[in-house]
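Peer 1:
Residue numbers (the UniProt record's numbering): 1 to 434.
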């Protein structure tokens with residue numbers, strides 16, 4: 001046997017024999033290689049998953065709850081997430097006693113150059129008996145040249161700052177948008193036949209904008225109200241709601257000066273269809289718009305306004321096909337179902353009359369109350385103004401004639417008195433001479 005000796009420096013005196021497999025790397029176990037591969041795949045999958053969520057954010061709500069493994073209560077988590085809201089629309093169908101069930105009403109009012117009407121309008125608002133906290137107000141200010149917006153903002157601030165909490169309304173929205181309405185606001189321009197079709201279509205657009213911007217899932221009813229209503233019952237929302245119909249309108253008249261008869265039907269847009277009107281519609285172009293109250297379109301329809309009896313039952317109902325827009329109470333589900341104010345010729349009608357037609361087409365109930373009357377503000381026409389000027393001239397002429405007559409009588413009285421004094425003086429002189 002060969003013997004090896006170690007040197008003092010730690011080296012062997014003779015080289016060790018080296019086998020072929022000596023000091024070679026030990027082979028790694030198979031499970032260690034698999035574990036490294038698994039870690040790499042897991043890292044790659046995680047990065048891919050995060051990129052997927054970034055690219056497709058709509059999948060987050062579906063994927064994240066599924067991978068929570070029950071460690072997080074999903075419903076409680078979403079409850080605290082402020083961007084998620086749940087609404088059950090079966091709770092906002094609208095009932096006949098909405099004020100008792102806390103049903104919210106969206107009250108909509110389009111405004112254009114209406115600053116002169118706002119004090120009267122806000123007086124009516126304050127007097128409404130429907131709970132104010134259940135009424136959300138929405139206004140559309142369009143194509144105005146006066147200070148409608150400034151006055152509206154000031155009066156809204158006043159009513160919301162009222163110390164009486166019963167005066168404060170719910171949510172208030174003010175929308176400002178112009179529609180290029182060029183028809184003037186005087187009576188002759190607004191009600192002239194030539195302007196009706198284009199004016200109605202623009203008004204329909206305005207109504208649709210206002211409604212679509214402000215209707216919330218919490219609203220059960222929608223109440224349209226013009227700003228120039230002079231007199232209306234303070235209970236009008238409850239009165240119309242009590243009928244529990246899909247669309248309800250009152251009768252609308254206006255007061256007149258005594259020399260014009262004292263009163264007059266105002267809103268002729270609420271009517272029942274007639275065979276004559278249907279035949280007329282068939283004879284017109286597809287873009288034509290029939291408007292009521294003009295000799296150009298003789299429809300011979302039964303109008304709600306002409307059926308009024310001052311002593312009639314205010315709860316009497318009349319089915320309608322077309323309606324006016326001065327005062328409309330409708331269930332919110334009517335609008336959610338797709339009924340709107342057509343800004344085009346729908347069955348040869350537009351705006352509110354087209355709305356009535358569309359609602360009937362979709363099998364909603366549309367009624368009017370012939371003996372329940374509200375009063376529109378009287379605005380004199382040019383003919384009325386000319387007649388009033390003529391009446392003023394006649395009155396001034398009569399007053400001048402009366403002044404001249406009284407002056408002549410006074411002068412005659414002075415002359416008679418002077419003549420009497422002269423006669424008495426002459427008589428006295430004669431007696432002295434005698």
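Cβ coordinates follow ideal geometry from the N, Cα and C atoms, glycine included. Predicted model, so just to flag it, every value in this text is computed and none were measured.
Quick one: residues in its chain with C-beta nearer than 8 Å to the C-beta of residue 299, no 5 flanking neighbours on either side, listed in chain order?
Peer 2: Within the chain shown, the letter at position 299 stands for residue 299. The answer, listed in chain order, is 271, 274, 276, 277, 280, 290, 292.
Peer 1: Please determine if the stretch 82-101 and the stretch 217-228 are in contact, where contact requires at least 3 C-beta pairs separated by less than 8 Å.
Peer 2: Verdict: yes, contact present.
Peer 1: So what does DSSP say about residue 45, is it helix, strand or coil?
Peer 2: As a first step, residue 45 must be located in the chain shown, where it is residue number 45. Reduced to three states, the DSSP call for residue 45 is helix.
Peer 1: Are the beta-carbon atoms of residue 373 and residue 269 separated by less than 9 Å?
Peer 2: Counted from its first residue, the chain shown places residue 373 at position 373. Counted from its first residue, the chain shown places residue 269 at position 269. No, the Cβ-Cβ distance between residue 373 and residue 269 is not below 9 Å.
Peer 1: Specify, as a first and last residue, the run of the beta strand (DSSP E) that residue 209 falls within.
Peer 2: Residue numbering aside, residue 209 sits at position 209 when the chain shown is read from its first letter. From DSSP, residue 209 is part of no beta strand (DSSP E) but of the alpha helix (DSSP H) over 196-214.
Peer 1: Helix, strand or coil, according to DSSP, for residue 39 in the structure here?
Peer 2: Taking the first residue of the chain shown as 1, we reach residue 39 at position 39. Helix at residue 39.
Peer 1: Can you confirm whether the stretch 195-204 touches the stretch 334-353 when touching is taken to mean that 3 or more C-beta pairs between the two stretches lie within less than 8 Å?
Peer 2: Result yes; three or more Cβ-Cβ pairs closer than 8 Å.
Peer 1: Out of curiosity, what's the CA-to-CA distance linking residue 411 and residue 383?
Peer 2: For the purposes of this step, residue 411 is taken as residue 411 along the chain shown, with counting starting at 1. For the purposes of this step, residue 383 is taken as residue 383 along the chain shown, with counting starting at 1. Taking the straight line from one Cα to the other gives about 42 Å.
Peer 1: How should residue 97 be labelled, buried or exposed, when 16 other C-beta atoms within 10 angstroms of its C-beta is the threshold for buried?
Peer 2: Counted from its first residue, the chain shown places residue 97 at position 97. Burial call: exposed.
Peer 1: Check residue 408 in the structure and name its three-state DSSP category.
Peer 2: Mapped onto the chain shown, residue 408 falls at position 408. Reduced to three states, the DSSP call for residue 408 is helix.
Peer 1: Ignoring anything shorter than 4 residues or poking outside the stretch 268-311, list the alpha helix (DSSP H) runs there in chain order.
Peer 2: Counting whole runs of 4 or more residues, the stretch 268-311 contains the alpha helix (DSSP H) stretches 275-283.
Peer 1: Nearest CA to the CA of residue 259: which residue from 385, 330, 355, 149?
Peer 2: If you number the chain shown from 1, residue 259 lands on position 259. Closest option to residue 259, Cα to Cα, is 385.
Peer 1: Can you tell which of 100, 151, 317, 82 has the C-alpha that lies nearest to the C-alpha of residue 240?
Peer 2: As a working mapping, residue 240 is identified with position 240 in the chain shown. Checking every option, the nearest Cα to that of residue 240 belongs to 317.
Peer 1: Can you give me the start and stop residues for the alpha helix (DSSP H) that residue 361 sits inside?
Peer 2: In the chain shown, residue 361 corresponds to position 361, counting from 1. From DSSP, the alpha helix (DSSP H) with residue 361 extends over 351-361.
Peer 1: Can you have a look at residue 177 and say buried or exposed, based on whether 16 or more other CB atoms are within 10 angstroms of its CB?
Peer 2: Taking the chain shown and counting its residues from 1, the one referred to as residue 177 is at position 177. It is exposed - the Cβ of residue 177 has fewer than 16 other Cβ atoms within 10 Å.
Peer 1: Residues bridged to residue 331 by DSSP?
Peer 2: Taking the chain shown and counting its residues from 1, one reaches residue 331 at position 331. DSSP lists 221 as partners of residue 331.
Peer 1: So, at 6 Å on beta carbons, what are the nonlocal neighbours of residue 115 in its own chain, with the 5 sequence-adjacent residues on each side left out?
Peer 2: Position 115 of the chain shown, counted from the first residue, corresponds to residue 115. Counting only Cβ-Cβ distances below 6 Å, and skipping sequence neighbours, we find 146, 147, 148, 151.
Peer 1: In this structure, does DSSP put residue 253 in helix, strand or coil?
Peer 2: Taking the chain shown and counting its residues from 1, the one referred to as residue 253 is at position 253. In this structure, residue 253 counts as strand in the three-state DSSP scheme.
Peer 1: Assign residue 51 to one of three DSSP states: helix, strand, or coil.
Peer 2: In the chain shown, counting from the first residue as 1, residue 51 sits at position 51. In this structure, residue 51 counts as helix in the three-state DSSP scheme.
Peer 1: Can you give me the start and stop residues for the alpha helix (DSSP H) that residue 169 sits inside?
Peer 2: On the chain shown, residue 169 is found 169 positions in, with the first residue counted as 1. It is not in any alpha helix (DSSP H) - residue 169 carries neither H nor E in the DSSP assignment.
Peer 1: Alpha carbon to alpha carbon, what distance is there between residue 302 and residue 322?
Peer 2: Residue numbering aside, residue 322 sits at position 322 when the chain shown is read from its first letter. Residue numbering aside, residue 302 sits at position 302 when the chain shown is read from its first letter. Cα to Cα, the separation comes out at about 11 Å.
Peer 1: Which residues mark the beginning and the end of the beta strand (DSSP E) in which residue 136 is found?
Peer 2: In the chain shown, counting from the first residue as 1, residue 136 sits at position 136. Counting along the chain, the beta strand (DSSP E) containing residue 136 begins and ends at 135-141.
Peer 1: Reducing DSSP to helix, strand and coil, say where residue 376 ends up.
Peer 2: Within the chain shown, residue 376 is the residue found at index 376, counting from 1. Three-state result, residue 376: strand.
Peer 1: Since residue 320 and residue 354 are thought to touch, with beta carbons under 8 Å apart, how far apart are those beta carbons, to the nearest angstrom?
Peer 2: Taking the chain shown and counting its residues from 1, the one referred to as residue 320 is at position 320. Taking the chain shown and counting its residues from 1, the one referred to as residue 354 is at position 354. About 13 Å; that fails the 8 Å criterion.
Peer 1: Roughly how many angstroms lie between the CA atoms of residue 325 and residue 388, to the nearest whole one?
Peer 2: Translated into the one-based positions of the chain shown, residue 325 becomes position 325. Translated into the one-based positions of the chain shown, residue 388 becomes position 388. Their Cα atoms are separated by approximately 29 Å.
Peer 1: Does the beta-carbon of residue 49 have 16 or more other beta-carbons within 10 angstroms, so that it is buried, or is it exposed?
Peer 2: Walking along the chain shown from the start, residue 49 turns up at place 49. Answer is exposed; the Cβ neighbour count stays below 16.
Peer 1: For residue 336, tell me which candidate among 312, 169, 246 has the shortest Cα-Cα distance.
Peer 2: Position 336 of the chain shown holds residue 336. If we check each option's Cα against that of residue 336, 246 comes out closest.
Peer 1: Considering only their Cβ atoms, is the gap separating residue 237 from residue 130 smaller than 9 Å?
Peer 2: One-based indexing of the chain shown puts residue 130 at position 130. One-based indexing of the chain shown puts residue 237 at position 237. In contact: residue 130 and residue 237 (Cβ atoms closer than 9 Å).
Peer 1: Which whole-angstrom value is the C-beta distance of residue 103 and residue 134, which I expect to be below 8 Å?
Peer 2: The count along the chain shown starts at 1 and reaches residue 103 at position 103. The count along the chain shown starts at 1 and reaches residue 134 at position 134. About 7 Å; that satisfies the 8 Å criterion.
Peer 1: Any idea which residues DSSP pairs residue 265 with across the strands?
Peer 2: Position 265 of the chain shown, counted from the start, is the residue given in the question as residue 265. For residue 265, which the question treats as bridged, DSSP gives the partners 253.
Peer 1: Assign residue 52 to buried or exposed, taking buried as 16 or more other Cβ atoms, counted over all protein chains shown, within 10 Å of its Cβ.
Peer 2: Translated into the one-based positions of the chain shown, residue 52 becomes position 52. The residue in question, residue 52, is exposed, as its Cβ has fewer than 16 Cβ neighbours within 10 Å.
Peer 1: What first and last residue would you give for the beta strand (DSSP E) that runs through residue 108?
Peer 2: The residue given as residue 108 occupies position 108 in the chain shown. It spans 104-111 - the beta strand (DSSP E) in which residue 108 sits, taken as one unbroken run.
Peer 1: Around the Cβ of residue 413, are there at least 16 other Cβ atoms within 10 angstroms (buried) or fewer (exposed)?
Peer 2: Residue mapping note: residue 413 aligns to position 413 of the chain shown, counting from 1. So residue 413 counts as exposed.
Peer 1: Determine whether the beta carbon atoms of residue 127 and residue 234 lie at a separation below 9 Å.
Peer 2: For the purposes of this step, residue 127 is taken as residue 127 along the chain shown, with counting starting at 1. For the purposes of this step, residue 234 is taken as residue 234 along the chain shown, with counting starting at 1. Yes; because the gap between Cβ atoms is below 9 Å, this pair is in contact.
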